[in-house]
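Residue numbers (the UniProt record's numbering): 1 to 155.
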């Protein structure tokens with residue numbers, strides 16, 4: 001049996017590692033890194049989101065989301081507000097101190113995207129996005145199936 005080299009997986013991995021390093025470097029002045037930028041932007045874009053929904057929308061487990069959000073709270077960029085009806089639920093909001101970080105994040109993302117897609121036509125960029133979304137959906141679907149099989153075996 002001949003083994004195939006998964007060059008596209010290597011490329012995706014390299015892009016992800018380089019993206020993390022880029023965000024870590026560019027966000028150093030705010031004392032946060034690539035790990036918090038997703039959460040910060042999602043909270044800004046969905047003001048009042050709960051920790052549970054934040055984790056779910058990003059495909060993160062609750063522990064990872066909790067740790068990332070706690071760092072943002074400690075830095076003063078996010079506040080947690082207790083739900084008036086259900087004291088167990090906390091709603092997340094960007095603080096005024098977080099707004100300069102949000103503005104910088106959008107600039108950083110635009111610059112990085114421009115760097116990565118330099119030389120591509122609009123059609124190539126659209127096709128790349130379409131293909132990556134297809135791969136992402138396939139990976140999520142497969143993991144859900146595997147997870148379901150594991151649950152079924154336990155019963």
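The beta-carbon is built from N, C-alpha and C at its ideal position, and this holds for glycine as well.
Would you mind reading off the limits of the beta strand (DSSP E) that contains residue 79? Here residue 79 is taken as the residue at index 79 of the chain shown, counted from 1. Here the beta strand (DSSP E) through residue 79 covers 78-82.
Rounded to a whole number of angstroms, what is the C-alpha to C-alpha distance between residue 48 and residue 38? Indexing the chain shown from 1 puts residue 48 at position 48. Indexing the chain shown from 1 puts residue 38 at position 38. A straight-line Cα-Cα distance of about 16 Å links residue 48 and residue 38.
State the start and end residues of the unbroken beta strand (DSSP E) segment that holds residue 42. Sequence index remark: in the chain shown, residue 42 carries index 42 (1-based). Note, residue 42: premise wrong, no beta strand (DSSP E); alpha helix (DSSP H) at 34-45.
Name the residue from 90, 71 and 116 whose alpha carbon lies nearest to the alpha carbon of residue 16. The residue you call residue 16 lines up with position 16 of the chain shown. Proximity to residue 16 across 90, 71 and 116 peaks at 116, based on C-alpha coordinates.
For residue 61 and residue 112, the rounded distance between their alpha carbons: On the chain shown, residue 112 is found 112 positions in, with the first residue counted as 1. On the chain shown, residue 61 is found 61 positions in, with the first residue counted as 1. Their Cα atoms are separated by approximately 27 Å.
Run through DSSP, which three-state label would residue 58 get? As a working note, residue 58 is residue 58 in the chain shown. If DSSP states are grouped into helix, strand and coil, residue 58 belongs with the helices.
Name the two residues that bound the continuous beta strand (DSSP E) containing residue 92. Here residue 92 corresponds to residue number 92 of the chain shown, with the count starting at 1. Element bounds for residue 92: 90-94.
Beta-bridge partners of residue 50, as assigned by DSSP: Working through the chain shown from its first residue, we reach residue 50 at position 50. 91.
If you compare alpha carbons, which of 12, 119 and 104 is closest to residue 23? Along the chain shown, one-based indexing puts residue 23 at 23. Checked all of 12, 119 and 104; the closest Cα to residue 23 is 104.
So residue 30 and residue 101 are in contact, right, with Cβ under 8 Å, and what is the actual spacing, rounded? Residue mapping note: residue 30 aligns to position 30 of the chain shown, counting from 1. Residue mapping note: residue 101 aligns to position 101 of the chain shown, counting from 1. Their Cβ separation, rounded to whole angstroms, is 5 Å, which keeps residue 30 and residue 101 in contact under 8 Å.
Quick one: is residue 33 near chain D, going by C-beta distance under 7 Å? The structure shown has no chain D; it contains just one protein chain.
What's the C-alpha gap between residue 67 and residue 35? Along the chain shown, one-based indexing puts residue 67 at 67. Along the chain shown, one-based indexing puts residue 35 at 35. So the two alpha carbons sit approximately 10 Å from each other.
Could you compute how far the alpha carbon of residue 99 sits from the alpha carbon of residue 93? Your numbering for residue 99 matches position 99 in the chain shown. Your numbering for residue 93 matches position 93 in the chain shown. Cα to Cα, residue 99 sits roughly 11 Å from residue 93.
In whole angstroms, what is the alpha-carbon distance linking residue 20 and residue 71? Mapped onto the chain shown, residue 20 falls at position 20. Mapped onto the chain shown, residue 71 falls at position 71. When rounded, the distance between both Cα atoms is 17 Å.
Go to residue 26, then tell me how far its alpha helix (DSSP H) extends in each direction, as first and last residue. Along the chain shown, one-based indexing puts residue 26 at 26. From DSSP, the alpha helix (DSSP H) with residue 26 extends over 7-26.
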